[in-house]
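**Q**
2 protein chains.
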Amino acid sequence: MDNLSRLCIHTITTKPWDIEDAAREYSRHGVAGISVWREALEGRNVRQSGQMLRDAGLTVVSLVRGGFFPAAARSDRRTAIDDNLKLIDEAAELGAPLLVLVCGAVPGLALEECRRQIKDGIAAILPHAAACGIKLGVEPLHPMYADSRSAINTLKQANDMVAELASDHLGVVHDVYHLWWDPDLRSETLRCVQGGNLLAFHVSDWKTPTEDLLLDRGLMGDGCIPIRKIRSWVESCGYEGFIEVEIFSSKYWAMDQKVFLTKIIEAYLAYV
Amino acid sequence: MDNLSRLCIHTITTKPWDIEDAAREYSRHGVAGISVWREALEGRNVRQSGQMLRDAGLTVVSLVRGGFFPAAARSDRRTAIDDNLKLIDEAAELGAPLLVLVCGAVPGLALEECRRQIKDGIAAILPHAAACGIKLGVEPLHPMYADSRSAINTLKQANDMVAELASDHLGVVHDVYHLWWDPDLRSETLRCVQGGNLLAFHVSDWKTPTEDLLLDRGLMGDGCIPIRKIRSWVESCGYEGFIEVEIFSSKYWAMDQKVFLTKIIEAYLAYV
Numbered sequence: 000m001d002n003l004s005r006l007c008i009h010t011i012t013t014k015p016w017d018i019e020d021a022a023r024e025y026s027r028h029g030v031a032g033i034s035v036w037r038e039a040l041e042g043r044n045v046r047q048s049g050q051m052l053r054d055a056g057l058t059v060v061s062l063v064r065g066g067f068f069p070a071a072a073r074s075d076r077r078t079a080i081d082d083n084l085k086l087i088d089e090a091a092e093l094g095a096p097l098l099v100l101v102c103g104a105v106p107g108l109a110l111e112e113c114r115r116q117i118k119d120g121i122a123a124i125l126p127h128a129a130a131c132g133i134k135l136g137v138e139p140l141h142p143m144y145a146d147s148r149s150a151i152n153t154l155k156q157a158n159d160m161v162a163e164l165a166s167d168h169l170g171v172v173h174d175v176y177h178l179w180w181d182p183d184l185r186s187e188t189l190r191c192v193q194g195g196n197l198l199a200f201h202v203s204d205w206k207t208p209t210e211d212l213l214l215d216r217g218l219m220g221d222g223c224i225p226i227r228k229i230r231s232w233v234e235s236c237g238y239e240g241f242i243e244v245e246i247f248s249s250k251y252w253a254m255d256q257k258v259f260l261t262k263i264i265e266a267y268l269a270y271v
Numbered sequence: 000m001d002n003l004s005r006l007c008i009h010t011i012t013t014k015p016w017d018i019e020d021a022a023r024e025y026s027r028h029g030v031a032g033i034s035v036w037r038e039a040l041e042g043r044n045v046r047q048s049g050q051m052l053r054d055a056g057l058t059v060v061s062l063v064r065g066g067f068f069p070a071a072a073r074s075d076r077r078t079a080i081d082d083n084l085k086l087i088d089e090a091a092e093l094g095a096p097l098l099v100l101v102c103g104a105v106p107g108l109a110l111e112e113c114r115r116q117i118k119d120g121i122a123a124i125l126p127h128a129a130a131c132g133i134k135l136g137v138e139p140l141h142p143m144y145a146d147s148r149s150a151i152n153t154l155k156q157a158n159d160m161v162a163e164l165a166s167d168h169l170g171v172v173h174d175v176y177h178l179w180w181d182p183d184l185r186s187e188t189l190r191c192v193q194g195g196n197l198l199a200f201h202v203s204d205w206k207t208p209t210e211d212l213l214l215d216r217g218l219m220g221d222g223c224i225p226i227r228k229i230r231s232w233v234e235s236c237g238y239e240g241f242i243e244v245e246i247f248s249s250k251y252w253a254m255d256q257k258v259f260l261t262k263i264i265e266a267y268l269a270y271v
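Heads up: the protein sequence lines correspond to chains A and B, in order.
Per numbering that gives the first Met the number 0, the very first residue in the first sequence carries number 0; after that it's consecutive.
Per numbering that gives the first Met the number 0, the very first residue in the second sequence carries number 0; after that it's consecutive.
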């Protein structure tokens with residue numbers, strides 16, 4: 000139970016559990032934080048769910064995930080913005096200080112255009128985020144998701160966008176799975192943390208071979224990402240926030256989730 | 000049969016065919032060039048195979064693929080260098096002016112170390128390439144291959160390495176499948192062509208969804224890569240070389256390859 004005071008787990012990581020099960024089990028094992036995927040709140044009173052998590056002794060770290068701003072039609076872009084405004088309200092009701100943004104991409108829409116629409120979308124929701132006291136975190140995704148999930152694929156792009164939009168309520172979400180390969184990772188990580196813009200730090204591992212583009216993430220230690228080295232960069236400039244385990248894995252979801260949770264904690268202590 | 004004077008096809012694209020079938024069919028359809036995968040030469044006299052290709056009216060564009068320099072053990076790095084020296088000889092025997100290098104990566108070996116070993120490996124084989132009149136082409140691979148195939152994942156990295164090693168016999172292989180997502184693609188493409196360092200240009204497409212990290216490439220037009228735009232960048236600075244179709248696809252390999260070849264030609268004319 001020691002050294003788990005900075006460990007946070009995403010509800011999606013233990014997808015077979017509902018949020019009540021996840022809260023009870025995380026708490027029982029000494030996990031300190033929880034990041035809540037929107038799907039986990041379906042059919043529930045969001046405010047009460049937030050209270051339930053705090054009653055279980057958990058810190059609510061973030062609500063995941065808004066974004067998906069680009070669209071070919073203006074009306075669809077408006078719908079995306081409205082959806083994100085609702086998500087900001089939801090984060091406030093939940094008591095989550097951060098809304099994670101997966102920025103979006105549309106196959107066939109030029110990446111440059113997607114990036115413009117992403118910036119416009121974030122600019123459009125920032126005032127409401129500020130009014131609600133919610134921070135927005137731009138999460139760059141691995142380039143293999145540039146077709147349909149995010150046109151923001153490097154930490155430099157996220158840092159540049161955050162610099163351009165300059166707001167106390169906008170920062171970056173750093174996920175080693177998406178970023179580990181980047182030759183500029185160290186310098187852009189330092190830039191991000193030194194600028195006070197690192198809002199969250201996600202960990203998992205890259206398996207060899209990776210058998211599915213979406214659902215074959217590894218547990219820390221399963222793969223080749225130098226997690227400790229990247230963590231040392233993040234912390235060398237003073238990041239003291241949560242370290243969040245975010246794993247999508249058909250294989251781990253097929254496992255008894257209590258056994259998997261034990262493995263997560265062991266892997267966190269051994270490899271992060 | 001018009002406008003195929005710059006079309007080259009990689010033997011791997013029509014993998015079910017042996018090189019003799021490929022040569023006959025490409026030629027019969029007016030395809031001008033062929034890039035030969037090493038595997039296609041197995042059990043054959045390389046010099047005679049080269050002659051067979053030229054007799055069929057094909058230009059031998061490149062031999063694919065050397066590289067894979069990094070290894071944990073010095074002896075394995077030596078083996079890789081020896082293998083690449085043999086490949087340079089093979090390219091000379093085949094009559095291919097270019098050897099394509101997939102630089103290599105080893106899971107668990109730090110990317111920085113892999114990159115050093117790649118540079119050392121290329122430096123070690125360059126004199127032999129120059130002596131044989133063979134050019135070496137550094138092909139950056141998509142970041143999803145950074146674990147085990149290449150620690151060179153952006154055009155900038157390839158351009159930087161080519162600049163550093165400064166040799167008339169070293170350049171870059173540009174493949175839209177690997178590079179299309181890169182926010183710096185236009186500037187690095189112009190840098191590469193203007194510097195006279197673009198040795199080859201490969202095309203295929205990125206499908207949504209992509210169901211396999213290796214074997215689900217699309218035919219041009221199947222996906223979201225702006226091939227024409229990227230081609231216009233390549234040609235705006237004077238590239239006049241072959242345009243090479245390199246597709247790995249379980250689905251297309253399962254098709255009658257004569258039908259597939261017709262589709263390749265149609266897609267080349269319509270989308271490249």
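Glycine included, every Cβ here is placed at the ideal spot set by N, Cα and C.
1) Taking a contact to mean a Cβ-Cβ separation below 8 Å, would you say isoleucine 229 (chain A) touches tryptophan 179 (chain A) in this structure?
2) Does the ligand SAH have a heavy atom nearer than 7 Å to the CB of glycine 42 (chain B)?
3) Within this structure, are the beta carbons of valine 192 (chain A) and cysteine 236 (chain A) separated by less than 8 Å?
4) Around the C-beta of aspartate 255 (chain B), are 16 or more other C-beta atoms found within 10 angstroms, so that it is buried, or is it exposed?
5) Chain A beta carbons: is any one of them nearer than 8 Å to that of glycine 240 (chain B)?
6) If you measure between the beta carbons of isoleucine 224 (chain B) and valine 172 (chain B), is that distance less than 8 Å?
7) Please report whether the beta-carbon of cysteine 236 (chain B) lies at a distance below 8 Å from any beta-carbon of chain A.
8) Which residues of chain B have a Cβ atom closer than 9 Å to the Cβ of alanine 109 (chain A), listed in chain order?
9) Quick one: which chain B residues come within Cβ less than 9 Å of asparagine 152 (chain A)?
10) Can you give me the start and stop residues for the beta strand (DSSP E) that leucine 197 (chain A) sits inside?
11) Decide if aspartate 119 (chain B) is buried, meaning its Cβ has at least 16 other Cβ atoms within 10 Å, or exposed.
12) Along the chain, where does the alpha helix (DSSP H) that runs through isoleucine 224 (chain B) open and close?
13) For aspartate 17 (chain A), collect the residues of the same chain with a Cβ closer than 8 Å to its Cβ; drop the 5 residues on either side in sequence, then sort them by chain order.
14) Consider the Cβ of leucine 212 (chain A): report whether some Cβ of chain C lies at a distance smaller than 8 Å.
15) Would you tell me roughly how many angstroms separate the C-alpha atoms of asparagine 2 (chain B) and leucine 268 (chain B), rounded to the nearest one?
16) If I measure Cβ to Cβ from alanine 22 (chain B) and keep anything under 8 Å in the same chain, skipping five residues before and after, which residues do I get?
17) With a CB to CB cut of under 7 Å and the five nearest residues on each side skipped, what residues in its chain are close to leucine 213 (chain B)?
18) Check distances from the C-beta atoms of the region 118-139 of chain B to those of chain A and list, in chain order, the residues that come in under 7 Å.
19) Do you know offhand how far alanine 130 (chain B)'s Cα is from asparagine 83 (chain B)'s?
20) Per DSSP, tryptophan 36 (chain B) is paired with what?
21) Which of helix, strand or coil does DSSP assign to histidine 9 (chain B)?
22) Closer than 7 Å by C-beta to lysine 342 (chain A): which residues in its own chain qualify, once you throw out the five before and the five after it? Chain order, please.
23) With a Cβ-Cβ cutoff of 8 Å, do leucine 135 (chain B) and glutamate 187 (chain B) count as a contact?
24) Which of the residues in the region 200-211 of chain B, read from start to end, lie with their CB under 7 Å from any CB of chain A?
25) What are the start and end residues of the beta strand (DSSP E) that includes valine 101 (chain A)?
26) From cysteine 102 (chain B) to isoleucine 263 (chain B), what does the alpha carbon distance come to, in whole angstroms?
27) Under DSSP, the alpha helix (DSSP H) around valine 271 (chain A) begins and ends at which residues?
28) For alanine 90 (chain B), which residues of its own chain have a beta-carbon under 6 Å away from its beta-carbon, when the five flanking residues on both sides are left out?
29) Exposed or buried, what is glutamate 245 (chain A) when buried is set at 16 or more other beta-carbons lying within 10 Å of its beta-carbon?
30) Spell out whether any CB of chain B is found under 8 Å from the CB atom of alanine 145 (chain A).
31) I want to verify the contact list: residues of chain A whose CB lies under 8 Å from the CB of proline 106 (chain B), in sequence order.
32) Give me, in chain order, the residues of the same chain whose beta-carbon lies closer than 6 Å to that of methionine 0 (chain B); leave out the 5 immediate sequence neighbours on both sides.
33) If you drop the 5 nearest sequence neighbours on each side, which residues of the same chain put their C-beta closer than 6 Å to that of glycine 66 (chain A)?
34) Less than 7 Å between C-beta atoms, sequence neighbours within five positions excluded: which residues of the same chain meet that for histidine 177 (chain B)?
35) Could you check whether the Cβ of glutamine 156 (chain B) sits closer than 8 Å to any Cβ belonging to chain A?
**A** Reading off the structure:
1) Taking the first residue of the first sequence as 1, we reach residue 229 (chain A) at position 230. Taking the first residue of the first sequence as 1, we reach residue 179 (chain A) at position 180. Yes, the pair counts as a contact, with Cβ atoms nearer than the cut-off.
2) In the structure on display, the ligand SAH does not appear, and there are no ligands present to speak of.
3) Looking up residue 192 (chain A) in the first sequence gives position 193. Looking up residue 236 (chain A) in the first sequence gives position 237. The answer is yes: Cβ separation under 8 Å.
4) Taking the first residue of the second sequence as position 1, residue 255 (chain B) is located at position 256. Classification for aspartate 255 (chain B): exposed.
5) In the second sequence, the residue the question calls residue 240 (chain B) occupies position 241. No, glycine 240 (chain B) does not count as interfacial toward chain A.
6) Reading the second sequence from its first residue, position 225 is the one you call residue 224 (chain B). Reading the second sequence from its first residue, position 173 is the one you call residue 172 (chain B). Going by C-beta atoms, isoleucine 224 (chain B) is not nearer than 8 Å to valine 172 (chain B).
7) Within the second sequence, numbered from 1, the residue matching residue 236 (chain B) stands at position 237. No, its Cβ sits nowhere closer than 8 Å to a Cβ of chain A.
8) For the purposes of this step, residue 109 (chain A) is identified with residue 110 of the first sequence, where counting begins at 1. Residues of chain B passing the Cβ test: Pro225 and Lys228.
9) Working through the first sequence from its first residue, we reach residue 152 (chain A) at position 153. Going along chain B in sequence order, the residues near asparagine 152 (chain A) (Cβ under 9 Å) are Pro142, Trp180, Asp181 and Pro182.
10) If you number the first sequence from 1, residue 197 (chain A) lands on position 198. Here the beta strand (DSSP E) through leucine 197 (chain A) covers 197-202.
11) Position 120 of the second sequence, counted from the start, is the residue given in the question as residue 119 (chain B). Result: exposed.
12) Numbered from 1 along the second sequence, position 225 holds the residue referred to as residue 224 (chain B). Neither: isoleucine 224 (chain B) is in no alpha helix (DSSP H) and is coded neither H nor E.
13) Counting from one through the first sequence, the residue named residue 17 (chain A) turns up at place 18. Excluding residues within five positions, the ones whose Cβ falls inside 8 Å are Ala39.
14) Note that chain C does not occur in the displayed structure, where the protein chains are A and B.
15) Working through the second sequence from its first residue, we reach residue 2 (chain B) at position 3. Working through the second sequence from its first residue, we reach residue 268 (chain B) at position 269. If you take the alpha carbons of asparagine 2 (chain B) and leucine 268 (chain B), they lie about 8 Å apart.
16) Residue numbering aside, residue 22 (chain B) sits at position 23 when the second sequence is read from its first letter. Counting only Cβ-Cβ distances below 8 Å, and skipping sequence neighbours, we find Ile33, Met51, Leu52, Ala55 and Leu57.
17) Taking the second sequence and counting its residues from 1, one reaches residue 213 (chain B) at position 214. So the qualifying residues of the chain are Phe247.
18) none
19) Position 131 of the second sequence, counting from 1, holds the residue named residue 130 (chain B). Position 84 of the second sequence, counting from 1, holds the residue named residue 83 (chain B). Cα to Cα, the separation comes out at about 14 Å.
20) Counted from its first residue, the second sequence places residue 36 (chain B) at position 37. Its beta-bridge partners are B:Val63.
21) Within the second sequence, the letter at position 10 stands for residue 9 (chain B). Strand, per DSSP.
22) What is shown of chain A runs 0 to 271, which leaves residue 342 (chain A) out entirely.
23) Residue mapping note: residue 135 (chain B) aligns to position 136 of the second sequence, counting from 1. Residue mapping note: residue 187 (chain B) aligns to position 188 of the second sequence, counting from 1. For leucine 135 (chain B) and glutamate 187 (chain B), no; Cβs fall outside 8 Å.
24) Trp205, Thr207 and Thr209
25) For this step, residue 101 (chain A) is matched to residue 102 along the first sequence. Run containing valine 101 (chain A): 97-101, per the beta strand (DSSP E) assignment.
26) The count along the second sequence starts at 1 and reaches residue 102 (chain B) at position 103. The count along the second sequence starts at 1 and reaches residue 263 (chain B) at position 264. Each residue's Cα considered, the two are about 28 Å apart.
27) Numbered from 1 along the first sequence, position 272 holds the residue referred to as residue 271 (chain A). Looking at the DSSP string, valine 271 (chain A) is not in any alpha helix (DSSP H), and its letter there is neither H nor E.
28) Locating residue 90 (chain B) in the second sequence gives position 91, where the first residue counts as 1. Leu62, Leu98 and Ile133.
29) Locating residue 245 (chain A) in the first sequence gives position 246, where the first residue counts as 1. Buried: at least 16 other Cβ atoms inside 10 Å.
30) For the purposes of this step, residue 145 (chain A) is taken as residue 146 along the first sequence, with counting starting at 1. Yes, alanine 145 (chain A) counts as interfacial toward chain B.
31) Against the second sequence, residue 106 (chain B) aligns to sequence position 107. The contacting residues are Thr207, Gly222 and Cys223.
32) As a working note, residue 0 (chain B) is residue 1 in the second sequence. Residue placement at methionine 0 (chain B) cannot be trusted, given a pLDDT of 46 that sits under 50; the coordinates are not used to answer.
33) By one-based count along the first sequence, residue 66 (chain A) stands at place 67. Leu100, Val101, Cys102 and Gly103.
34) As a first step, residue 177 (chain B) must be located in the second sequence, where it is residue number 178. Contacts found: Pro139, Leu140 and His141.
35) Along the second sequence, read from residue 1 onward, the residue named residue 156 (chain B) stands at position 157. Yes, glutamine 156 (chain B) counts as interfacial toward chain A.
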